[in-house]
Amino acid sequence: MQGREFEESFRFGGDDLAYLSKVAQRLAPVAERPGLAPEKAEAIRRAVAALRKLPEPTPGINVQIEVAHRMGGEEFSESYTYAVKLDERRIEISSRGSQYGPEVGSTSFSLESLQWYSNGQAAHQGNRDTWLERLAYALARDHTLDAADESGDKCTEAV
Amino acid sequence: MAMNRRNFFQKAYGTAGAALITTLGRPEWLRGATARKASDVLYLGPDKIKVTRMAIGLGTNAGNVQRELGLQGVADHLKFAFDRGQFFWDTADAYKTHPHVKQALKSIPREKVTILTKTDVRTAAEMKPALDRYLQELGTDYIDILLLHGMHTPKWPEEMKGVMDVISEAREKGIVRTHGASIHSLEALQTAAVTPWCKVHLQGINHAGVRMDSTDPAVVVASLRQSKAAGKGVLGMKVLGEGALKDHMDETLRFVMGIGCVDAFTIGAANREELAHVISRIEAV
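Following this line, the structure appears as structure tokens:
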């Protein structure tokens, strides 16, 4: 194979693309929320555009979005984070959380984790539809939103 | 105009429901005069696990709705239900409501309740420590019903064999009293119906095909009947279509209790008022 270039690419099976389209659909309105910092809105729009374009890759993309939601009080507190990460080598949809109470102690856990790699591999854990439900729930309540766009110059996806 | 049998069902269930009911035969609820209660006691599946007709669901929107009540709030919710005869609790590792069950068990004797939980573990190596963790989180030394969570491929018994073996071993040791799967596709449901390991299964069922594994309830009901005939315990979820059928509660309750192949069903109430309302509607329909 020496001298031949091996082109890597993401591989999507079954309803993967339909699912990622739903993720884009869920995120799109978030970018239009009043008061959202322009750079965060831009990052979300870029992620949404890249997700909608799949399976066509977006060269240079490097975007991370995190929505965090807290519940409970002193007796028992919980926090959950829902993340979307896109770069040239990986697409990741994930969630994690923690619970703390004086009596039950502190626990941290991963919930859903869906990853597609540009070498064609994929790793899925948890129920993907539940991730969408959890995200919708968090977005409808008090939450914090972080979105960072470190896409390179060759990322020409319109935002 | 005289109301014939089909007209009656059409009025009660709508056109689709009428077609379904007339296809499937006379509902059990019309055969006997026995009133149904949420707290009716039943013995589920081949291992005859004692349950109530309605389980207290702790997984609405992946548990978010119940967890909003707080640790003690959920415990109080379960106590409120228990005091009304509802001793069957439906949780899952993924709902993150195990600590809430443990809190409730501080005021309710463990042997008085039936706990169903679900696992998202996908390998045998992960199952044993996960099981130990569930027992610790739930504050119990046994789980009444342990289900594989969210099976959706038709080959799930092959894919999950290692996990199933660990759970079978736990059943032999008395750590798990019975086992099965929660189902998220029609193909997986059809597999469940013919899989001996699956002694209990839980799947979406309502009169309108909302949030179910098929939009045609008749297809799902046919599979459930097959399971029932094989002696399995059949549990329903999404009876209210995850809230979408709240305004059609009577129709969906009448349907699920009338088809004769759902032993018990789970409903996740957000608070005491909702729970009391559901209990009262089950008695009324």
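Respectively, the protein sequence lines represent chains A and B.
The opening residue of the first sequence carries number 1 in our numbering; numbering runs sequentially from there.
The opening residue of the second sequence carries number 1 in our numbering; numbering runs sequentially from there.
The beta-carbon is built from N, C-alpha and C at its ideal position, and this holds for glycine as well.
Taking just the CA atoms, how far does residue j sit from residue i?
{"i": "B/A244", "j": "A/G152", "result": "44 Å"}
{"i": "A/A122", "j": "A/W116", "result": "4 Å"}
{"i": "B/H207", "j": "B/D40", "result": "22 Å"}
{"i": "B/W29", "j": "B/E158", "result": "Summary for B/W29: the model assigns pLDDT 46, below 50, so the residue's position carries little reliability; its value from the coordinates is reported in the next sentence. Taking the straight line from one Cα to the other gives about 38 Å."}
{"i": "B/G59", "j": "B/Y95", "result": "5 Å"}
{"i": "A/Q25", "j": "A/L51", "result": "9 Å"}
{"i": "B/F265", "j": "B/K238", "result": "9 Å"}
{"i": "B/L138", "j": "B/Q103", "result": "8 Å"}
{"i": "A/S108", "j": "A/G73", "result": "17 Å"}
{"i": "B/M54", "j": "A/A31", "result": "42 Å"}
{"i": "A/P29", "j": "B/A229", "result": "48 Å"}
{"i": "A/L132", "j": "B/D132", "result": "29 Å"}
{"i": "B/R36", "j": "B/D165", "result": "37 Å"}
{"i": "B/K173", "j": "B/I145", "result": "14 Å"}
{"i": "B/L69", "j": "A/D142", "result": "16 Å"}
{"i": "B/R177", "j": "B/V194", "result": "20 Å"}
{"i": "A/A68", "j": "A/F76", "result": "17 Å"}
{"i": "A/R11", "j": "B/S182", "result": "28 Å"}
{"i": "B/W156", "j": "A/E103", "result": "38 Å"}
{"i": "B/V113", "j": "B/K50", "result": "9 Å"}
{"i": "B/T97", "j": "B/R67", "result": "7 Å"}
{"i": "B/P154", "j": "B/K128", "result": "25 Å"}
For residue i, return the contacting residues in chain A, with the cut-off set at a CB-CB distance below 7 Å.
{"i": "B/K79", "result": "Correct list: empty, because the minimum Cβ distance to chain A is about 16 Å."}
Take residue i and list the residues in its own chain whose beta-carbon comes closer than 8 Å to its own, dropping the five residues that flank it on each side.
{"i": "B/V262", "result": "I205, L224, V234, L235, G236, V256"}
{"i": "B/T123", "result": "G162, V163"}
{"i": "A/G13", "result": "A122"}
{"i": "B/E283", "result": "A35, R36, K37, A38"}
{"i": "B/L186", "result": "D213, S214, V219, V220, S223"}
Any beta-carbon of chain A closer than 8 Å to the one on residue i?
{"i": "B/A188", "result": "no"}
{"i": "B/N271", "result": "no"}
{"i": "B/G162", "result": "no"}
{"i": "B/G150", "result": "yes"}
{"i": "B/D165", "result": "no"}
Would you verify that the beta carbon of residue i is, or is not, closer than 8 Å to some beta carbon of chain B?
{"i": "A/L135", "result": "no"}
{"i": "A/S21", "result": "no"}
{"i": "A/L111", "result": "yes"}
{"i": "A/V84", "result": "no"}
{"i": "A/V30", "result": "no"}
{"i": "A/V63", "result": "no"}
{"i": "A/V48", "result": "no"}
Thinking C-alpha only, which one of the options is nearest residue i?
{"i": "A/Y82", "options": "A/L145, A/F76, A/G13", "result": "A/L145"}
{"i": "A/I61", "options": "A/G73, A/R96, A/E92, A/M71", "result": "A/E92"}
{"i": "A/L139", "options": "B/N64, B/H248, B/T266", "result": "B/N64"}
{"i": "A/D87", "options": "A/V48, A/V30, A/G14", "result": "A/V48"}
{"i": "B/K48", "options": "B/V200, B/S227, B/R36", "result": "B/V200"}
{"i": "B/S280", "options": "B/A81, B/T195, B/L146, B/L42", "result": "B/A81"}
{"i": "B/M151", "options": "B/I259, B/I145, B/Q203", "result": "B/Q203"}
{"i": "A/R134", "options": "A/T58, A/A41, A/R11, A/S94", "result": "A/S94"}
{"i": "B/I56", "options": "B/T97, B/F87, B/P196", "result": "B/F87"}
{"i": "A/Q99", "options": "A/E39, A/M71, A/E78, A/S9", "result": "A/E78"}
{"i": "B/T91", "options": "B/K106, B/A38, B/T191, B/L148", "result": "B/L148"}
{"i": "A/M71", "options": "A/G101, A/P57, A/D15", "result": "A/G101"}
{"i": "B/I259", "options": "B/E126, B/P196, B/P154, B/P217", "result": "B/P217"}
Taking 8 Å as the threshold (beta carbon to beta carbon), is residue i in contact with chain D?
{"i": "B/A264", "result": "The structure shown contains no chain D; its protein chains are A and B."}
Since residue i meets chain B, which of its residues come closer than 8 Å, beta carbon to beta carbon?
{"i": "A/G73", "result": "G70"}
{"i": "A/E78", "result": "R67, K96"}
In its own chain, which residues sit with a C-beta less than 6 Å from the C-beta of residue i, not counting the 5 before and 5 after it?
{"i": "B/I175", "result": "Y142"}
{"i": "B/G305", "result": "No answer is possible for residue 305 of chain B: the residues shown for chain B start at 1 and end at 285."}
{"i": "A/E66", "result": "T81, A83, D146"}
{"i": "A/S9", "result": "none"}
{"i": "A/V63", "result": "A43, R46, A47, L86, D149"}
{"i": "B/L116", "result": "D90, I145"}
{"i": "B/A270", "result": "V65"}
Chain B partners of residue i, CB-CB under 7 Å?
{"i": "A/Q99", "result": "K96, P99"}
What does residue i touch in chain A if you count any residue whose Cβ is under 9 Å from its own?
{"i": "B/A62", "result": "L111, N127, T130, W131, E133, R134, Y137"}
Interface residues of chain B around residue i at Cβ under 9 Å?
{"i": "A/V67", "result": "Chain B residues near A/V67: none, gap ~13 Å exceeds 9 Å."}
What residues from chain A crowd round residue i, counting only those whose CB sits closer than 8 Å?
{"i": "B/D83", "result": "Chain A residues near B/D83: none, gap ~22 Å exceeds 8 Å."}
{"i": "B/D120", "result": "Q125, G126, N127"}
Looking only at its chain, what residues have a beta carbon closer than 7 Å to the beta carbon of residue i, apart from the 5 residues adjacent to it on each side?
{"i": "A/L17", "result": "L54, P55"}
{"i": "A/N127", "result": "E112"}
{"i": "B/V285", "result": "D250, L253, R254"}
{"i": "A/H124", "result": "L114"}
{"i": "B/E242", "result": "R211"}
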